[in-house]
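Scroll down for the structure; my scribbles are underneath it.
Numbering (my numbering), first residue to last: 27 to 227.
Next comes the structure, spelled out in C-alpha cells:
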C-alpha cells in the first residue's frame with residue numbers, strides 16, 4: 027500500500043509541476059494575494075475528481091478487457107518519455123520569467139473562471155488523467171492508495187504555491203529556476219517510463 031501511495035505521489039507530483047499555465051496562474055494570484063486560496067483549492071478539487079474518474083473508470087474497463095492493460099502500459103511509457111523530452115528541451119532552452127505585475131485586478135468569479143479555463147481547456151490534462159495516470163496506476167497493488175497519493179501531490183503542490191507564493195516569487199520568476207525544475211522533471215519522468223517499461227506485466 028505504501029509503495030502504491032508513494033508511486034501516486036511521485037508520478038502525479040511530476041505531472042502537476044510540469045503543467046506550466048496552471049502553475050503560473052496560481053502562483054501569480056498568490057504573489058498578488060488575490061483569491062489565491064480559492065484558485066489553488068479549485069485546482070486541487072479538479073485534480074482529485076479527474077484522478078478518481080480516470081483511475082477507477084479505466085480500472086473497471088480493464089476488468090472487462092484485460093488485454094487493454096498492455097496497451098495502456100506502453101502508451102504510458104511513450105507519453106512519459108514524451109513529457110521527459112519536452113521538459114529536458116525546456117530546461118536546455120529556458121523559459122520566460124513569470125509576468126504577474128501587469129495583470130488587472132480581478133473578481134473572485136473571474137479568478138475561478140480563469141482557473142477552470144487553464145485547468146480544463148488544456149488537452150494535456152485529459153491525456154494525463156485518462157491515459158497516463160491509469161496506465162501507471164493499473165500496475166499498482168492498491169488503486170485507492172495510488173489515487174490518495176496522487177491527490178496528496180495536488181494538495182501539497184497547490185497548497186505550497188498558495189502559501190509560499192509571495193516569498194518564493196523572486197526566485198521562481200527567474201528563468202534559471204525554471205530550468206532546474208524542468209531538468210528535474212525530465213529526469214523523473216524518464217526514470218518512471220523506464221520502470222514502467224521494464225517492470226510491467
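Ideal Cβ placement from N, Cα and C applies to all residues, glycine included.
- Nearest Cα to residue 165 within the set 65, 210 and 219: 219.
- Taking the CA atoms as reference points, residue 162 sits about 32 angstroms from residue 55.
- Per DSSP, residue 161 is one residue of the alpha helix (DSSP H) stretching across 159-163.
- Annotation for residue 138: the continuous alpha helix (DSSP H) segment containing it runs 134-146.
- Cα atoms of residue 143 and residue 53: separation of roughly 16 angstroms, rounded to the nearest angstrom.
- Spatial neighbours of residue 132 in its own chain (CB-CB distance under 8 angstroms, excluding positions within 5 residues in sequence) are listed in chain order as 60, 61 and 140.
- The Cβ atoms of residue 155 and residue 30 lie no closer than 8 angstroms to each other.
- The stretch 178-196 makes no contact with the stretch 104-123, as fewer than three CB pairs between them are under 8 angstroms.
- Taking a contact to require three or more Cβ pairs closer than 8 angstroms, the stretch 196-206 and the stretch 63-70 do not qualify as touching.
- Rounded to the nearest whole angstrom, the CA to CA distance from residue 158 to residue 146 is 16 angstroms.
- Per DSSP, reduced to three states, the secondary structure at residue 62 is helical.
- Under the three-state reduction of DSSP output, residue 216 falls in the helix class.
- Residue 68 sits buried, since 16 or more C-beta atoms from the chains shown fall within 10 Å of its C-beta.
- The three-state reading of DSSP puts residue 168 in coil, since its state is none of H, G, I, E or B.
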